[in-house]
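Structure, as structure tokens:
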Amino acid sequence: MYYFCLHHDDSIDSQTGKLEIIMMYNSTKGGVDVVIKLCATHNTAQSTRRWLKVIFYTSSVLNVAAINAFVVYVGNNSSSNIRRSQFLEELALSLLDDHLQRRSTNQHLPKLIRQRIKRTSEPT
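Note that the UniProt record's numbering has the sequence shown beginning at 1, numbered continuously upward.
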């Protein structure tokens, strides 16, 4: 859709004979292929019947957000050699940290669960 906003005419590339809009699309579509491959490598999709979760899990919103977060992290920390899988694990734990801290103080949870939460949130 974005490409159609950039082109208002039917100009043709003289070398290939194709429309310039097609040439522009072909030159930039590699990024989409990379995102699809990265989403398949570490997928957050889960089976659920809750409609709100379906939006996030099946539409790849979480996958794309995690890829974008990793790209920003690597851009800001160019000296870091962190693997994407390690980054995703640390991202997930940091997003869960506040919730786990609240749950670990809930006296109505079984003691075993509270102990596992505390073990998960301990620095390694």
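Yeah, the Cβ is synthetic: ideal placement off N, Cα and C, and Gly gets one too.
All of these numbers come straight from a predicted model, not from anything done at the bench.
Looking at the backbone, the Cα of Phe87 and that of Phe70 are separated by about 7 Å. Counting every other CB atom within 10 Å of its CB across the protein chains shown gives Ile113 a total below 16, marking it as exposed. The way I'd put it, the region 77-91 doesn't touch the region 99-112; fewer than three beta-carbon pairs between them come closer than 8 Å. Listed in chain order, the non-local C-beta contacts of Ser60 below 7 Å within the same chain comprise Cys39, local neighbours out to five positions each way being set aside. With contacts defined by Cβ atoms closer than 7 Å, Thr44 and Asn26 do not form a contacting pair. With distances taken between CA atoms, Asp98 lies nearest to Thr120 out of Ala66, Thr120, Arg50.
Distance from the CA atom of Leu93 to the CA atom of Lys111, rounded to whole angstroms, is 21 Å.
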